[in-house]
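Enquirer:
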Amino acid sequence: MTTTTATAVTAPGPLGRAGNFLREVGLVFAREISPELRVPIGLILGMLQPLVFLVLFGPLLGGMPGLGGSHWQWFVPGILVMIGMFGTGAAGYGVLVEAGGGSLERVLVTPLSRAAMLIGRTLKEALTLLVQGALITLLMAPFGLRIHVAGVAAGLALLVVVGVGVGSLSFALALAVKRSPSLFWAVQQFAQFPLLLTSGVLLPVEAGPAWLAAVSRFNPFTYVVDAERALFAGDLAAPAAGYGALAAAAIAAIGLALGIRGMRRATL
Amino acid sequence: MIHTRGLTRHFRVKGEVVEAVRGIDIDVEEGELVAFLGPNGAGKSTSLRMLTTLLPPTAGTAIVAGCDIRTDPLGARRRIGYIGQGRGSGDQFRVRDELVFQGRFHGLSRAAARRRADELLATLGLEAVATRVASTLSGGQRRRLDIALGLMHRPELLFLDEPATGLDPHNRANLWEHIRRLREEHGTTIFLTTHYLDEADTMAERVMIIDHGRVIADDTPERLKADLAGDRITVTVGKGEAARAAEIAARIPTAHEITTGRQAPDAAGPAAAAPGRPDEGADTVTFRVKNGPAVLPELVRALDAAELWTVAAEVRRPTLDDVFLALTGRSLRESDQEGA
Ligand SMILES: Nc1ncnc2c1ncn2[C@@H]1O[C@H](COP(=O)(O)OP(=O)(O)OP(=O)(O)O)[C@@H](O)[C@H]1O
Ligand SMILES: [Mg+2]
C-alpha cells in the first residue's frame with residue numbers, strides 16, 4: 016500500500032476499543048432515529064393498536080371482579096407490555112426492507128462492528144417504546160389512572176429492558192428468514208398471540224382454567240406484566256417486581272445474544 | 134491487491150445445489166482497472182460479494198487489499214469501497230445525512246465527513262437534492278448517491294457492481310470521468326462488473342470474461358479481440374462467383390470461419406451490380422482473419438488476378454461480443470435476455 020488514499024483507516028481513539036464501540040452504537044442509533052425525529056411515523060403506528068384496545072376493549076373491563084380498584088390501573092400497565100410485544104416486535108421488518116433494497120449490504124461492508132449495528136438499532140426501538148409508554152400513561156391519567164411517579168418511572172424502565180429484548184429478537188428473526196417477509200410475519204404472529212393471551216394482558220389468567228394458569232407461568236411476559244402492575248400501583252418492593260425484572264433481563268439477554276449472533280453471521 | 138485461488142460459492146436452493154462461482158483465480162495488482170464481464174447469472178455479483186466479505190466462500194481463498202477475507206474481514210472492510218448492484222441508500226434517510234453517516238462509519242470525524250460529503254455532492258451533481266429523502270430521488274440520482282456512498286472514505290480498492298445501470302449517457306460519461314480521475318489522482322484500484330460491452334471495451338484495461346461461474350478469458354480488450362475473434366472481412370463478388378472467391382480467401386494464412394452468402398438483387402443498393410451489368414444480385418464471402426485492414430488490399434489484388442470482380446469490401450473490427458461468441462458459441466446479448 017504505497018498510496019495514501021485510505022485516510023479513513025480507523026485508529027483506536029483516545030477512548031480505546033470500548034469508546035470506539037460506544038461511538039459506533041451512537042452512530043447507528045443516530046442514523047436510525049433521524050427519520051423518526053422528522054416524521055415519527057413508527058412511533059404513531061406502534062401506538063394505534065394499543066389505543067384501539069384501550070378504547071374498545073378497556074371499557075369492557077369496567078365491572079370485572081378481581082382487577083382491584085380501577086380497571087385502568089390493571090389494564091394500562093399490561094397494554095404497555097403489549098406495545099412492546101407488537102410494535103417493537105415488528106421492528107425487524109425494517110431490516111428486511113433494508114436487506115431487500117441493498118442498504119444493509121452497504122453498511123455491512125463498512126468496518127462498523129456488527130454488534131454496534133444491532134445494539135444501535137435496538138436502542139432506537141427501546142427509546143420509541145419508552146416514549147410510547149410515557150404518552151399512553153399520560154393520556155390515561157385523566158381517565159382514572161393514578162400516577163405514582165417513582166412506580167411509573169420504574170415501570171417504564173422495565174419496559175425499556177423488555178423493548179431491548181423484543182427488538183433484538185425481531186431483528187434476529189428478520190436476519191434469519193433471509194429476505195422472506197411472509198415467513199417473518201408468520202413466525203412473528205405465531206409467537207406473539209400465544210404469548211400475549213397467556214401473559215394476562217387482556218384478562219386475568221387466574222380466572223381461567225388451571226391448565227391455562229399453569230401455561231402462563233412458563234411465559235416470561237406474565238412476570239413482566241405482573242411487575243408492571245405492581246410498579247404502577249406504587250408497590251416498588253413487591254416480589255412480583257423482582258421476578259418481572261429477572262424475566263425482563265432474561266428476555267433482553269437472550270434477545271441481544273441472538274440478535275448479535277444474527278448480525279455477525281448476516282450474509283446477503 | 135486481489136489474489137484468489139479456487140474461489141468457489143455454492144447455494145442450496147430447494148435441495149438443489151447452484152454452483153454460482155466455480156473455482157476462480159484472480160490476480161489484480163495495485164492501480165489496475167479490471168472489468169468483470171458476463172451475462173446475467175454468470176456469477177459476477179456472487180464473486181464480488183465474496184471479495185467484499187459479505188458472503189463466505191464455499192471453498193478457496195481470497196486476499197483482498199492485503200487481508201484474508203476469512204480471517205481478517207475487518208481489515209479488508211477498512212480498505213475497500215463497495216458499490217453494490219442494489220440501492221445503497223435507505224429510503225427514509227436524507228441524501229447528505231446518508232453520506233455523512235457512511236463517512237463516520239468508516240471512522241471519519243464529523244467535520245471531515247461533512248466536507249467529503251459536500252465534495253461528492255458537488256462532483257456527482259447531487260447538490261440540489263442533498264436535503265431530500267432518498268426515496269424521492271430519480272433512479273439515476275439514486276445511483277449517483279450509491280456511487281458517492283462508496284467513495285466517501287477514499288478507498289484504495291473500489292468494487293463496483295454494474296455501476297452504470299440506470300444512468301443516462303451524460304451521467305455515464307461523468308461516472309467514467311470520475312473513475313478515471315480516481316485512478317490518476319489517487320491510484321485507486323478498480324474492479325467492476327458490467328454487461329455493457331462497449332463500456333468494458335473502451336474503459337477497462339483488462340477484461341475478465343465470466344460464464345457459468347468460471348473465468349473463461351482474461352486479457353486486454355485488444356488482445357482478446359485479436360486473439361479470440363479477429364477482424365471480419367466481407368467481400369461482395371458477382372453472382373455465382375462466391376465459391377471461387379472463397380477458395381482464394383482460404384489461401385490467406387489466418388483466414389477462418391469462411392462462409393458464403395447471397396445477396397438478392399437490389400439488396401445492397403446500386404453498388405451491388407457491376408457497372409454495365411444487369412443487377413442480378415451478388416454473392417458474398419465472409420471470413421475472420423488477423424489484421425484485416427492489411428489483408429483486404431491483398432485479397433482484392435488476388436481476386437483481380439483471378440479475374441473476379443470485387444463489387445464491395447468491408448472490414449469489421451471485432452467487439453467483445455464476438456469474443457464471447459467465439460468462446461461460448463452464444464452471443465452475450467442473447468444470453469442476457471434469456472437470463473433476465
Ligand atoms: N442468495 C442466493 N441464493 C441462491 N442462489 C443465488 C443467490 N445469489 C445468487 N444465486 C445464483 O447464483 C448465480 C449467480 O448469480 P449472480 O448474482 O452472481 O449473477 P450475476 O453475474 O451478478 O448476474 P446479473 O448480471 O444478473 O447481476 C445465479 O444462478 C443466481 O440465481
Ligand atoms: Mg449481479
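Order-wise, the sequence lines are chains A and B. Quick note, my numbering runs 15 ahead of the 1-based positions in the first sequence. Quick note, my numbering runs 133 ahead of the 1-based positions in the second sequence. Ideal Cβ positions, reconstructed from N, Cα and C, are used throughout, including at glycine.
Is it buried or exposed, Asn234(A), if we count other Cβ atoms within 10 angstroms and call 16 or more buried?
Expert: Asn234(A) comes out buried.
Enquirer: When the cut-off is 7 Å and only beta carbons count, does Thr143(A) lie next to chain B?
Expert: No, Thr143(A) does not count as interfacial toward chain B.
Enquirer: What do you reckon, is the C-beta of Lys147(B) under 6 Å from a heavy atom of ligand 1?
Expert: No - ligand 1 has no heavy atom lying nearer than 6 Å to the Cβ of Lys147(B).
Enquirer: Taking 7 Å as the threshold (beta carbon to beta carbon), is Val192(A) in contact with chain B?
Expert: By this cut-off, Val192(A) is not an interface position.
Enquirer: If I measure Cβ to Cβ from His143(B) and keep anything under 6 Å in the same chain, skipping five residues before and after, which residues do I get?
Expert: Contacts found: Val150, Glu152 and Thr191.
Enquirer: Roughly how many whole angstroms lie between the Cα atoms of Ala435(B) and Trp442(B)?
Expert: If I take the Cα positions, the gap works out to 11 Å.
Enquirer: Are there 16 or more other CB atoms within 10 angstroms of the CB of Gln204(A), so buried, or fewer, so exposed?
Expert: Exposed, by the Cβ-count rule.
Enquirer: Just to be sure I understand the criterion: a residue counts if its Cβ is closer than 6 Å to at least one heavy atom of ligand 3. Which residues meet that?
Expert: Absent from the structure shown: ligand 3. Ligands present: ligand 1 and ligand 2.
Enquirer: List the residues of chain B that Ser49(A) touches, going by C-beta distances under 9 Å, in chain order.
Expert: Near Ser49(A) (Cβ distances below 9 Å), the residues of chain B are Gln225, Phe226, Arg227, Asp230 and Phe234.
Enquirer: Note down the Cα distance separating Thr186(B) from Pro206(B), rounded to an integer number of angstroms.
Expert: If you take the alpha carbons of Thr186(B) and Pro206(B), they lie about 6 Å apart.
Enquirer: Are Arg416(B) and Ala375(B) close, meaning C-beta to C-beta below 7 Å?
Expert: The sequence given here places Asp at residue 416(B); Arg does not occur at that position. Against a cut-off of 7 Å, the Cβ pair of Ala375(B) and Asp416(B) comes out as a contact.
Enquirer: Going along the segment 111 to 133 of chain A in order, which residues come within less than 9 Å of chain B, judged by CB to CB distance?
Expert: Correct list: Val112, Glu113, Gly115, Gly116, Gly117, Ser118, Leu119, Glu120, Arg121, Val122, Leu123, Val124, Thr125, Pro126, Leu127 and Ser128.
Enquirer: Taking a Cβ distance cut-off of 7 Å, strictly less, list which residues of the segment 63 to 82 of chain A are near chain B, in chain order.
Expert: Residues: none.
Enquirer: When we look at the beta-carbon of Gly109(A) and count the other beta-carbons within 10 Å, is it buried (16 or more) or exposed?
Expert: Looking at its Cβ environment, which holds 16 or more other Cβ atoms inside 10 Å, Gly109(A) is buried.
Enquirer: Thinking just about the alpha-carbon of each residue, which of Trp226(A), Leu218(A), Val230(A) and Gly259(A) is nearest to the one in Phe90(A)?
Expert: Phe90(A) has its Cα closest to that of Leu218(A), out of Trp226(A), Leu218(A), Val230(A) and Gly259(A).
Enquirer: Answer yes or no: does any C-beta atom of chain B fall closer than 7 Å to that of Leu58(A)?
Expert: Leu58(A) does not count as touching chain B.
Enquirer: Applying a beta-carbon distance threshold of less than 8 Å, which residues of chain A neighbour Pro189(B)?
Expert: Under the 8 Å cutoff, chain A gives Thr282.
Enquirer: Report the residue ranges of all beta strand (DSSP E) runs contained in full by the segment 110 to 135 of chain A; include only those spanning at least 3 residues, in chain order.
Expert: None, since the segment 110 to 135 of chain A contains no complete beta strand (DSSP E) of that length.
Enquirer: Leaving out the 5 sequence neighbours to the left and right, which residues in its chain are closer than 8 Å to Pro288(B) when beta-carbon positions are compared?
Expert: So the qualifying residues of the chain are Arg212, Ile213, Gly214 and Thr321.
Enquirer: Can you list, in chain order, the residues of its chain whose CB lies under 6 Å from that of Leu254(B), leaving out five sequence neighbours each side?
Expert: Closer than 6 Å at Cβ, skipping near neighbours: Glu260 and Ala263.
Enquirer: Based on DSSP bridge pairs, tell me the residues matched to Phe292(B).
Expert: BP columns for Phe292(B) point to Tyr215(B) and Phe324(B).
Enquirer: Would you kindly check if the distance between the Cβ of Leu133(A) and the Cβ of Ile275(A) is under 7 Å?
Expert: Yes, Cβ-Cβ distance for Ile275(A) and Leu133(A) is below 7 Å.
Enquirer: Return helix, strand or coil for Arg247(B), following the three-state DSSP convention.
Expert: Here Arg247(B) sits in helix by DSSP.
Enquirer: Using only the heavy atoms of ligand 1, determine whether one of them is closer than 6 Å to the beta carbon of Ala175(B).
Expert: The answer is yes for Ala175(B).
Enquirer: Cβ closer than 8 Å: which chain A residues qualify as neighbours of Leu207(B)?
Expert: Simply Pro126.
Enquirer: Does Leu52(A) get closer than 7 Å to chain B when you measure Cβ to Cβ?
Expert: So, not an interface residue.
Enquirer: Using 8 Å as the Cβ pair cut-off and three pairs as the minimum, do the segment 140 to 154 of chain A and the segment 91 to 101 of chain A touch?
Expert: Touching, per the Cβ criterion.
Enquirer: I'd like to know whether the C-beta atoms of Leu188(A) and Val202(A) end up nearer to each other than 7 Å.
Expert: Contact: yes.
Enquirer: At a Cβ threshold of 7 Å, is Thr185(B) touching chain E?
Expert: Given the protein chain composition of this structure (A and B), no chain E is represented.
Enquirer: Given Ile280(B), which residues of its chain have a CB within under 7 Å of its CB, disregarding the five upstream and five downstream residues?
Expert: The residues are Ile216, Leu257, Pro296 and Leu308.
Enquirer: Examine ligand 1 and report whether any of its heavy atoms sits within less than 6 Å of the Cβ of Phe236(A).
Expert: No, ligand 1 has no heavy atom inside 6 Å of this Cβ.
Enquirer: Within the same chain, show all residues whose beta-carbon is closer than 6 Å to that of Thr137(A), passing over the 5 residues directly before and after it, in chain order.
Expert: Excluding sequence neighbours, Thr137(A) sits near Val179, Gly182 and Ser183.
Enquirer: Which of the three DSSP states, helix, strand or coil, is assigned to Leu257(B)?
Expert: In the structure shown, Leu257(B) sits in coil (DSSP, three-state: anything other than H, G, I, E or B).
Enquirer: Would you say the beta carbon of Phe292(B) is closer than 6 Å to some non-hydrogen atom of ligand 1?
Expert: Incorrect: Phe292(B) has no Cβ contact closer than 6 Å to ligand 1.
Enquirer: If you run the structure through DSSP and keep just helix, strand and coil, what is His389(B)?
Expert: The answer is strand: DSSP assigns His389(B) an E or B state.
Enquirer: Within its chain, find whatever has a CB closer than 7 Å to the CB of Val422(B); leave out the 5 residues flanking it on each side and keep chain order.
Expert: Excluding sequence neighbours, Val422(B) sits near Gly363, Asp364, Ile366, Ile385, Thr387, Ala388 and Val428.
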